[in-house]
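Here is the structure we will look at, set down as structure tokens.
In my numbering, the protein residues as written are 15 to 730.
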């Protein structure tokens, strides 16, 4: 029935042209209609019969086999149905023209619709020939170039149609349907389908409601309806052709006939056409028209290639006409049957769509969703699933310090070094300045420990001052004990300098205070230990001269000498390359650590190394004096305190190097407090216990009985 309609359209156009006294005066057109029955061998026979010797200027063809065969014979042809993009190749098909647009425009329009509706999960049903394969190639190309993320289920066999329709979850996918597969698809798919196609079967199927179509542009042919009514009674009923008499392919047939007629008109309308000197490339006579002349007239750019049909400009661009399509939508009506509603148009590569006029299969005005995975929200990135299309992905939250501020980001972006990601990973915000402050829990804890240590040291100092005339205080070298308590108090207080916002002077003062305070403290213990050793050697004959070198003045001088060496080291270090406040961006986090950076590691190492040298020397001498006669307890207490001191500072080095951010400062403060508490408790706790809680043991008689001559050597 479709072919019959095209035949009537051609016959009507020929008769209309023959009645026109101005288009081809004195010339009558004729026609011969043959049917290839969609079989290649028959198509070959039909094509050969059309050019087998009969005089004719051009041919109207329907299928691509006709087009290929006739084009190879240099016979101009105008097709109304062959839409394969391959036929636009002028090198392969120089004699071919057509009044139907290339399928590349239709496929591109369908891809644009999918992009407009944000469909990324598409089922492509196509016939296994050049039409189907080229259409899907164009769709894939457009989707990739303009969208970048999509997935296509592609099946070419009828068996796969059944399986896909029964199992596919993409109920809102886009379908490009041609040929017999349309009816098969529609009757097998019982789910709602929203897609694109142009087949008549969809219009009569119950599942076609809501389907979108990219259809050949519809037009009317004035007088065609009356022409059909004048046929005898056995002619197919007019009701079939009136669905609606807004014609599509039949109109292309009509255009093709008129295109040939206008080419003949241009060829026959030149002056002096009967002259033997006429230009055969532009002029001819009715008795000498050759097919190549018609073809040359249409292709030569210096001659008009356009003409008016019903006030509509029509012209060829190479082999093709400008692409125009209707966008249609099958909609339910109150009466029951489906109605084809015009919802937009396609002009070349431009798509014009009235979305508000669409009736979707869901019954809602909301565009159906057809995606394998929902778009990833800001703060996440897309991670493709192995073995699945690229439109199937998981949404992975951005890592710390990375953000994505757009929906569907394929990757997360790293924040600049001075910025960090917010909690939602959607924006980079300035990193907060961080340092060990007095207001935070850690700072309060360390401050409390330091102040408590200084307070206890002061209390011990007061006890020793109050009981300075007692044998216990005098027997333990009271002058060095007071100096040791003073240095311990400085050690506790110097830790407070490390807390708070680092500044230029704070960075310089904290290391100098720490280094000098601890050298003073260890120097006192070292001199105490040396005195103990000398006291017990003084009992030997000839040792009186040795005691002269360890009197009170010499003891004070030794302490000053040891301390001055550290003062010189600190002075040189701080004058040449002092620590400076610096923002530490190396530690990745939402905060920037403000710390005192060691500009010279050598200077800091010399300060620690000198303290360690004195401490190790003191530990060695105290260890040698631990078993002196009468179990003199001062050496044992010093030995135990120095063991704690050295253990703390040996553990400090790896902890200091590996600690991040402000915890570097906390580690150093902890080492200062731990070693200071160790010295205070180990050396002075036993003495204060006797002085305050066992006053009966704080007598000269008790100390003489316990320590013997050592009391006389050390009580002054």
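The beta carbon of each residue, even a glycine, is placed where N, CA and C say it ideally should be.
- Pairing residue 530 with residue 577 gives a Cβ-Cβ distance under 8 angstroms.
- Going by C-alpha positions, residue 156 is about 10 angstroms away from residue 150.
- Closest in C-alpha terms to residue 533, from the list 142, 579, 144, 390, comes 579.
- Cβ neighbours of residue 441 within its own chain (closer than 7 angstroms, five residues either side excluded): 417, 419.
- The three-state reading of DSSP puts residue 398 in strand, counting E and B together.
- Look at residue 481 here: in three-state DSSP terms it is coil, with no helix or strand label.
- Between residue 648 and residue 546, the CB-CB gap stays under 8 angstroms.
- For residue 22, no beta strand (DSSP E) encloses it; the enclosing alpha helix (DSSP H) starts and ends at 16-33.
- Under the three-state reduction of DSSP output, residue 568 falls in the helix class.
- Burial check for residue 106: the Cβ neighbour count within 10 Å stays below 16, so the residue is exposed.
- Of the residues assessed, residue 408 falls on the exposed side of the cut-off, its CB having fewer than 16 other CB atoms within 10 angstroms.
- Per DSSP, the unbroken alpha helix (DSSP H) holding residue 151 starts and ends at 144-160.
- In the DSSP assignment, residue 267 falls outside any beta strand (DSSP E) and lies within the alpha helix (DSSP H) extending over 263-282.
- The C-alpha of residue 331 lies about 10 angstroms from the C-alpha of residue 112.
- Annotation for residue 446: 605 place their beta carbon closer than 6 angstroms to its own, counting only its chain and skipping 5 residues before and after.
- The DSSP-derived three-state label of residue 227 is strand.
- With contact defined as three or more Cβ pairs closer than 8 angstroms, the segment 489-499 and the segment 471-479 are in contact.
- Taking C-beta atoms under 8 angstroms as the contact rule, residue 694 and residue 467 qualify, at a distance of about 7 angstroms.
- Within the segment 92-135, the runs of alpha helix (DSSP H) that reach at least 4 residues and sit entirely inside it are, in chain order, 117-130.
- Just measuring C-alpha positions, the residue of 243, 508, 19 sitting nearest residue 690 is 508.
- Close CB contacts of residue 421 within its chain, under the 8 angstroms cut and outside five residues either way in sequence, are with 389, 390, 391, 392 (chain order).
- Cβ neighbours of residue 26 within its own chain (closer than 8 angstroms, five residues either side excluded): 235, 237, 238, 241, 268.
- Per DSSP, the beta-bridge partners of residue 605 are 446.
- Here residue 435 carries a strand assignment [DSSP, helix/strand/coil].
- Distances from the alpha-carbon of residue 101 to those of 137, 134, 502, 334 put 334 closest.
- 653 is the residue among 627, 628, 653, 624 whose C-alpha sits nearest the C-alpha of residue 638.
- For residue 687, the enclosing alpha helix (DSSP H) stretches over residues 677-707.
- In this structure, the beta-carbon distance from residue 395 to residue 406 does not fall below 8 angstroms.
- Per the C-alpha coordinates, the member of 541, 452, 154, 227 positioned closest to residue 567 is 541.
- Only buried fits residue 134, as 16 or more other CB atoms lie within 10 angstroms of its CB.
- Cβ-Cβ distances below 8 angstroms link residue 427 to 416, 417, 418 in the same chain, with the five nearest sequence neighbours on each side left out; the list follows chain order.
- For the set 670, 224, 159, 538, the Cα lying nearest the Cα of residue 632 is the one of 538.
- Close CB contacts of residue 381 within its chain, under the 6 angstroms cut and outside five residues either way in sequence, are with 131 (chain order).
- Restricting attention to 502, 581, 705, 51, the CA atom closest to the CA of residue 688 is found in 502.
- Looking from the CA of residue 572, the closest CA among 117, 598, 536, 594 belongs to 536.
- The DSSP-derived three-state label of residue 655 is helix.
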